[in-house]
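In UniProt numbering, the protein residues as written are 1 to 350.
Working notes for the structure below.
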């Protein structure tokens, strides 16, 4: 195969293949005319193993060593463990093994060598920082647009750590890294951000059980989750919705850009224990709307009730919201809402 054909097959850039050749010796066995690369089936097998391992979060140097060993039949204990998917968990490994940034991402035009042979300062890396091993694998899979690997990484993280930890320590850092790369690369990573967001949403909905248990008499209403009018960013709400239902809490998820009139009507119909209003941007965060929802009442005269309003998202930062709650994280929101619902419930949740 040619380098271009192999790059398309693997979902990486030709420059990444050349980088792996220089750094790790994963080059082709044949070079036609002494110059053009031609990749044999054995070469392809090694690089497919390399991609599988790096997508699983294995550092590229380790993945290259394991892929080469597998090709020669001299697999070490660690290499066999990595190939079998039984590599030690991040918590069981030394801090030095949690490298800050994934190395091998498709370069932009600015990343190619200049006439002087020096590389641009804009390295083709996602600025992840000190994160879990899974973030590195998820970032590599996303940049390669490897949908099956992205889905597998996300599902595995939720199963292994639980939804709240997977969201805050795997999904969010990777999303932020992709967003920063998008902002600094002239919109070259838009497709990566869109695909990653879609798969996160898919996994969150897949793991969200649908409660079919009727609320007991006298129980408070469900937790209502809604984006304010004009707000389209739903992923944080989807994560909170999934975490609440995982804890047995009744919810009603209304999603993006809920009109004020519809939100008020839903609150009156449902009599919710709490209403979570998400605003990603200051331009969409409306305190008059939040106060209107907080003042919405239902029930018989003399026993009127109104919801607790929880404000979520950076759009509310710096706003004075007396009487409303602003938990800074998903775990905090989960704790606040669980306590609020259980304090008003006649018995145990569920």
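Using N, Cα and C, we set each Cβ at its ideal position, and we do this for glycine too.
The model shown is predicted, which means the values in this text are computed figures rather than measured ones.
Per the DSSP calculation, residue 274 is bridged to which residue(s)? Here residue 274 refers to the residue found at position 274 when the chain shown is read from its first residue. Answer is 223, 308, bridged to residue 274.
Could you tell me which of 164, 318, 29 sits nearest to residue 44, measuring between CA atoms? Reading the chain shown from its first residue, position 44 is the one you call residue 44. Among 164, 318, 29, the Cα nearest to that of residue 44 is on 29.
Does the pairing of the region 227-238 with the region 279-293 give three or more beta-carbon distances under 8 Å? yes
Within the continuous alpha helix (DSSP H) that includes residue 195, where are the two ends? Taking the chain shown and counting its residues from 1, the one referred to as residue 195 is at position 195. Counting along the chain, the alpha helix (DSSP H) containing residue 195 begins and ends at 190-206.
Proximity below 8 Å, CB of residue 240 to CB of residue 293: Within the chain shown, numbered from 1, the residue matching residue 240 stands at position 240. Within the chain shown, numbered from 1, the residue matching residue 293 stands at position 293. No, the Cβ-Cβ distance between residue 240 and residue 293 is not below 8 Å.
Looking at the structure shown, is residue 106 part of a helix, part of a strand, or coil, going by DSSP? The count along the chain shown starts at 1 and reaches residue 106 at position 106. Summary for residue 106: the model assigns pLDDT 38, below 50, so the residue's position carries little reliability; its value from the coordinates is reported in the next sentence. If DSSP states are grouped into helix, strand and coil, residue 106 belongs with coil.
Residue(s) in a DSSP beta bridge with residue 298: Numbered from 1 along the chain shown, position 298 holds the residue referred to as residue 298. Looking at the DSSP assignment, residue 298 forms a beta bridge with 305.
Contact check, residue 207 vs residue 242, beta carbons under 8 Å: Residue mapping note: residue 207 aligns to position 207 of the chain shown, counting from 1. Residue mapping note: residue 242 aligns to position 242 of the chain shown, counting from 1. Going by C-beta atoms, residue 207 is nearer than 8 Å to residue 242.
At which residues does the alpha helix (DSSP H) containing residue 152 begin and terminate? Position 152 of the chain shown, counting from 1, holds the residue named residue 152. Unbroken alpha helix (DSSP H) run through residue 152: 147-161.
Starting from residue 351 and walking both ways along the beta strand (DSSP E), at which residues does that stretch end? The requested residue 351 is not part of the displayed model; the chain covers only 1 to 350.
Determine which residues share a DSSP beta bridge with residue 325 and list them. Reading the chain shown from its first residue, position 325 is the one you call residue 325. Partner(s): 310.
If we ignore side chains and look at the alpha-carbon of each, how far apart do residue 63 and residue 26 end up? Residue numbering aside, residue 63 sits at position 63 when the chain shown is read from its first letter. Residue numbering aside, residue 26 sits at position 26 when the chain shown is read from its first letter. Their backbone Cα atoms lie some 11 Å apart in a straight line.
For residue 38, name the three-state secondary structure that DSSP assigns. On the chain shown, position 38 is the one that residue 38 refers to. Correct three-state label for residue 38: strand.
By how many angstroms is the C-alpha of residue 141 removed from the C-alpha of residue 3? Counted from its first residue, the chain shown places residue 3 at position 3. Counted from its first residue, the chain shown places residue 141 at position 141. Distance between the alpha carbons of residue 3 and residue 141: 20 Å.
Leaving out the 5 sequence neighbours to the left and right, which residues in its chain are closer than 8 Å to residue 310 when beta-carbon positions are compared? In the chain shown, counting from the first residue as 1, residue 310 sits at position 310. Cβ neighbours of residue 310 beyond the five flanking positions: 274, 275, 276, 277, 324, 325, 326, 327, 333, 336, 337.
How long is the line joining the alpha carbons of residue 9 and residue 288, rounded to whole angstroms? On the chain shown, position 9 is the one that residue 9 refers to. On the chain shown, position 288 is the one that residue 288 refers to. Their backbone Cα atoms lie some 53 Å apart in a straight line.
Give the C-beta separation of residue 191 and residue 145 to the nearest angstrom, bearing in mind that I take them to be a contact with Cβ-Cβ under 8 Å. Counted from its first residue, the chain shown places residue 191 at position 191. Counted from its first residue, the chain shown places residue 145 at position 145. About 7 Å; that satisfies the 8 Å criterion.
Residue 170, DSSP secondary structure in three states: The count along the chain shown starts at 1 and reaches residue 170 at position 170. The answer is helix: DSSP assigns residue 170 an H, G or I state.
From 246, 224, 298, pick the residue whose C-alpha is nearest to that of residue 254; which is it? As a first step, residue 254 is located in the chain shown; it is residue number 254 there, counting from the start. Here the closest residue by C-alpha is 224.
With H, G and I counted as helix, E and B as strand and the rest as coil, what does DSSP make of residue 144? Here residue 144 is taken as the residue at index 144 of the chain shown, counted from 1. Here residue 144 sits in coil by DSSP.
Three-state class that DSSP yields for residue 1 in the structure shown: The residue given as residue 1 occupies position 1 in the chain shown. Of the three classes helix, strand and coil, the one that applies to residue 1 here is coil, per DSSP.
Cα separation between residue 270 and residue 222? Translated into positions along the chain shown, residue 270 becomes position 270. Translated into positions along the chain shown, residue 222 becomes position 222. About 7 Å.
Segment limits, alpha helix (DSSP H) that includes residue 19: As a working note, residue 19 is residue 19 in the chain shown. First-last of the alpha helix (DSSP H) with residue 19: 14-24.
Under a Cβ-count criterion, where at least 16 other Cβ atoms within 10 Å of its own Cβ denotes burial, should residue 153 be classed as buried or exposed? Locating residue 153 in the chain shown gives position 153, counting from the first residue. Classification of residue 153: buried, given that the 10 Å Cβ count is 16 or more.
Mind reading off the beta-carbon distance from residue 132 to residue 170? Whole number of angstroms is fine, and I expect it under 8 Å. For the purposes of this step, residue 132 is identified with residue 132 of the chain shown, where counting begins at 1. For the purposes of this step, residue 170 is identified with residue 170 of the chain shown, where counting begins at 1. So it is a contact: roughly 6 Å between Cβ atoms.
Same chain only: Cβ atoms within 6 Å of residue 166, ignoring 5 sequence neighbours per side: Numbered from 1 along the chain shown, position 166 holds the residue referred to as residue 166. Result list for residue 166: 157, 158, in chain order.
Using C-beta distances below 6 Å, list every residue in its chain close to residue 315, excluding the 5 sequence neighbours before and after it, in chain order. Taking the chain shown and counting its residues from 1, one reaches residue 315 at position 315. 279, 280, 281, 282, 284, 285, listed in sequence order.
DSSP on residue 280, reduced to helix/strand/coil? Locating residue 280 in the chain shown gives position 280, where the first residue counts as 1. In this structure, residue 280 counts as coil in the three-state DSSP scheme.
Spatial distance of residue 298 from residue 249 (CA atoms): The count along the chain shown starts at 1 and reaches residue 298 at position 298. The count along the chain shown starts at 1 and reaches residue 249 at position 249. In a straight line, the C-alpha of residue 298 is about 21 Å away from that of residue 249.
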